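For reference, the structure discussed in these notes is given below.
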Amino acid sequence: MPELPEVETVRKGLNQLTLNQEITGGDVLLNRTIAYPFSVSEFVDGINQNTIATWHRRGKYLLAELSSPSSTSWLGVHLRMTGQLLWLHRDEPLHKHTRVRLFFGDRQELRFVDQRTFGKIWWVPPSVAVESIMTGLAKLAADPFSPEFTVEYLASKLKNRRRPIKTALLDQSVVAGLGNIYADEALFKSGILPETLCIDLQLKQIERLRTAIIQVLETSIQAGGTTFSNFLSVKGVNGNYGAVAWVYNRAGEPCRVCGKQIQRIKLAGRSSHFCLQCQTLGGVGS
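Counting with the numbering used here, you get residues 13 to 298 for the letters of the sequence shown.
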């Protein structure tokens with residue numbers, strides 16, 4: 013599933029390619045991709061002749077501010093497991109998993125391709141609160157790059173929780189945008205084993221964890237995200253973070269710091285990768 017760096021990579025690409033461009037129409041090939049409104053024709057009519065003012069990211073959600081001469085509305089996208097937003101010429105052959113097409117000038121289009129069909133798109137009409145339609149937004153915790161994401165904030169979210177820290181980090185009400193890849197990476201850099209209970213963490217460990225979360229996310233954004241299966245940028249380019257990952261997807265390989273074999277376990281149904289030596293001794297610093 014695309015996580016914060018992948019969604020941020022897409023957001024940056026969209027802001028480079030689609031700003032101030034008018035949507036001239038659309039085509040919905042899979043009706044259930046449209047989460048709101050419930051009428052596909054209402055969705056297409058709603059976005060038509062609107063100009064994209066800017067793209068925002070909230071957690072793993074993408075939000076486009078749409079402007080028309082008389083009002084402002086919103087276009088929301090959640091890529092979920094396999095969603096891709098691709099900027100293509102209209103003449104490019106349609107991928108068999110294309111679900112939604114948004115048309116622009118010069119025969120350009122933005123295609124939503126989604127193999128597993130879990131991705132969703134919303135159009136939020138003018139004068140309607142975005143959170144009332146895209147209800148998942150209201151449940152999001154602070155973004156790791158926001159001023160609110162302080163050591164004190166993270167400590168308050170983890171306080172007294174008798175659950176493994178890895179499981180807690182996947183909870184979007186604890187940290188917005190973090191997922192399996194970067195939770196593993198941040199725990200490695202902060203020297204914390206994934207099975208460590210939140211209640212047992214010391215403040216210094218939480219300080220290291222907060223720093224590590226921000227560092228691994230920044231590094232991945234610079235690398236264009238991670239591609240292990242489906243992720244592509246808006247221009248169709250793979251992410252390169254996987255080539256420098258500390259532990260994720262490296263079970264059985266030597267640790268880049270100590271040389272010990274990277275371990276893999278299942279935790280709450282998700283794979284967790286870690287180095288038993290580095291994450292027992294306290295982390296690898298920056």
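Idealized CB from N, CA, C, for every residue including glycine. None of the values given here were measured: they were computed from a predicted structure.
For the 9 Å CB-CB criterion, residue 156 and residue 190 form a contact. Beta-bridge partners assigned by DSSP to residue 76: 67, 87.
Shown here, residue 155 sits in coil according to DSSP, grouped into three states, outside any helix or strand. Contiguous beta strand (DSSP E) elements confined to the region 118 to 179 occur at 120 to 126, 132 to 136, taking only those with 3 or more residues. Around the beta-carbon of residue 248, fewer than 16 other beta-carbon atoms lie within 10 Å, marking it exposed. DSSP places residue 198 within a helical segment (H, G or I) once states are collapsed to three. Ranking 208, 131, 171, 279 by CA distance to the CA of residue 46 puts 131 first. When 192, 110, 257, 31 are compared, the shortest CA-CA separation from residue 283 is found for 192.
For residue 224, the enclosing alpha helix (DSSP H) has its first and last residue at 215 to 234. In the DSSP assignment, residue 39 forms a beta bridge with 113.
Below 8 Å, too few C-beta pairs join the region 212 to 220 and the region 228 to 238 to call them touching: fewer than three. For the options 40, 185, 172, the alpha carbon positioned closest to that of residue 70 is the one of 185. According to the DSSP assignment, residue 55 belongs to no beta strand (DSSP E) but to the alpha helix (DSSP H) extending over 52 to 59.
Within its own chain, the residues whose Cβ lies closer than 6 Å to the Cβ of residue 111, once the five positions on either side in sequence are excluded, are 41, 42, 45, 124, 126, listed in chain order.
Taking the CA atoms as reference points, residue 39 sits about 7 Å from residue 114. Collapsing the DSSP output to three states places residue 255 in a helix. According to the DSSP secondary-structure assignment, residue 282 is paired through a beta bridge with 279. In this model, residue 98 and residue 224 are separated by some 31 Å (Cα to Cα).
Segment contact: the region 56 to 69 against the region 18 to 31, three or more CB-CB distances shorter than 8 Å; contact assigned.
Taking the Cα of residue 103 as reference, the smallest distance to any Cα among 273, 118, 79 is reached at 118. Here residue 271 carries a coil assignment [DSSP, helix/strand/coil].
Closest in alpha carbon position to residue 259, among 109, 199, 19, 239, is 199.
DSSP links residue 34 through a beta bridge to 63. Contact check for residue 88 and residue 106: beta-carbon distance about 23 Å, past the 8 Å limit, so the pair fails to qualify. Residue 238 sits in a strand when the DSSP states are folded into three classes.
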